[in-house]
Amino acid sequence: MDESLKKLEQWLKEAKNICFLTGAGMSTESGIPDFRSQNGLWSKNLEFTEIVSRWYFEESPDQFWRYFKEIFRTKLLHNYEPNRGHYFLAGLEKLNKQVSIITQNIDGLHQEAGSSTVYEIHGSIRSAACPECGRNYNLYYINSHEVPLCDSHGGRTILKPDVVLFGDAVHHLEEALDAALQSDLFIVLGSSLQVTPINQIPQLVSYKNGIRNVIINLEETIFDDIFDLVIHKKIGDAVSQVNM
Ligand code: NAD
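Here numbering that gives the first Met the number 0 is used: the first residue of the sequence shown is 0, the next is one more, and so on.
The structure is reproduced here in C-alpha cells:
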C-alpha cells in the first residue's frame with residue numbers, strides 16, 4: 000500500500016466524526032457517467048445548463064420533460080447499483096463512526112448502500128412534485144408518463160422533478176455545512192469542485208483547525224492545494240486497499 004493510503008487508513012481509524020462530500024465520480028463505477036472528465040456527459044450536451052434550468056421548465060415544461068428524460072435516461076431507468084465506494088461509506092457506520100454524507104448526486108445510491116445521514120443538496124431523480132399542491136410522485140409514475148401530470152387540478156399541472164435545476168437554490172446547505180464543520184475528518188470523493196456554492200464547503204473546512212481534509216479524485220482539481228492529503232486514484236481502488 001502506498002504512503003497516502005496508509006495515512007488515509009490511519010486517519011479513518013482515528014476519526015470519530017467523518018463527513019464526506021461526494022460528486023459524480025462516486026457513481027461512475029456504478030456505470031453512471033460524470034459530467035466533466037473526458038468521457039463525461041457534459042461535453043456531449045452543450046446546452047445542458049439551459050435545458051436543465053428553472054427558466055426552461057417554467058417557459059416550456061412539456062419540452063423540458065422530453066429533454067430531461069433523454070438527458071437523465073440512465074438515472075431514470077435506475078438499472079444500476081451501489082459500488083464498493085458507496086458500501087465502504089455505509090460500512091463505517093457499523094464501526095461506530097458518526098458519518099454524514101453531503102452528495103451532489105441525484106441517484107440515491109448512498110441510501111441504497113445503507114448510509115443513514117445523506118444530504119442530497121442537488122435533490123433526487125427518484126421523485127417529482129406538483130408545483131401547485133406539492134403532492135409527491137415516485138419514479139414509477141414519472142417513467143410511466145411522457146410528461147407527468149398531477150392527478151388533481153383537472154390533470155393539467157405538469158410536475159416538477161425533485162432535482163435542483165440551474166436557477167434553483169440548493170437544498171440543506173446549512174445542515175451540510177454544519178456537518179462538515181463539526182467533523183474531525185472531511186473527505187471529498189469524486190468531484191471536480193467546479194460547482195458553487197458547494198465547492199466553498201472544503202474551503203471553509205480548510206480554515207478551521209482540527210479537521211483533517213482529504214480529497215480522492217481521479218484528476219487534479221483547482222482546489223487540490225487546500226487539502227492535507229490528495230489521492231489521485233479511483234475511489235473503489237483506494238477504499239478497497241484500506242483495512243478498517
Ligand atoms: P464532475 O463531473 O464535475 O467531476 C467528477 C470528478 O470525478 C472528475 O474530476 C473525475 O476525474 C472524477 N472521477 C470520475 N470517476 C472517478 C472515480 N471512479 N474515482 C475517483 N474520481 C473519479 O462532478 P461533480 O463535481 O459532482 O459536479 C457535477 C454536477 O453534476 C453535480 O452537480 C452533480 O449533481 C451532477 N451529476 C450527478 C450525477 C449522479 O447523480 N450520479 C452524475 C453526473 C452529474
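Note that beta-carbon positions come from the ideal geometry of N, C-alpha and C, so glycine has one too. Since we're looking at a predicted model, the values are computed, not measured.
| Item | Value |
| --- | --- |
| For K68 and G107, I'd like the C-alpha separation in whole angstroms. | 17 angstroms |
| Measure the C-alpha to C-alpha separation of L8 and N95 and round it to an integer number of angstroms. | Before going further, note that residue 8 is Glu rather than Leu in the sequence given. In a straight line, the C-alpha of E8 is about 16 angstroms away from that of N95. |
| Below 8 angstroms, is the gap between the Cβ of N78 and the nearest heavy atom of the ligand ZN? | The model on display carries the ligand NAD but not the ligand ZN. |
| If you draw a straight line from the alpha carbon of P201 to that of I214, how long is it in whole angstroms? | 9 angstroms |
| Leaving out five residues on either side along the sequence, give the residues of the same chain with a beta carbon under 8 angstroms from the beta carbon of K15. | K96, Q97 and D183 |
| Have a look at G235, N208, Y139 and Q103 and flag the residue whose alpha-carbon is nearest the alpha-carbon of N78. | Y139 |
| With burial defined as no fewer than 16 other Cβ atoms inside 10 Å of the residue's Cβ, what is the status of S42: buried or exposed? | Because the pLDDT at S42 is just 44, under 50, the model does not fix this residue reliably, and the point stays unresolved. |
| Quick one: grab the DSSP three-state call for T195. | coil |
| Grouping DSSP H, G and I as helix and E and B as strand, with all else coil, what is D33? | coil |
| Which residues in the same chain have their Cβ closer than 6 angstroms to the Cβ of V229, if we skip the five residues on either side of it in sequence? | I214 and D223 |
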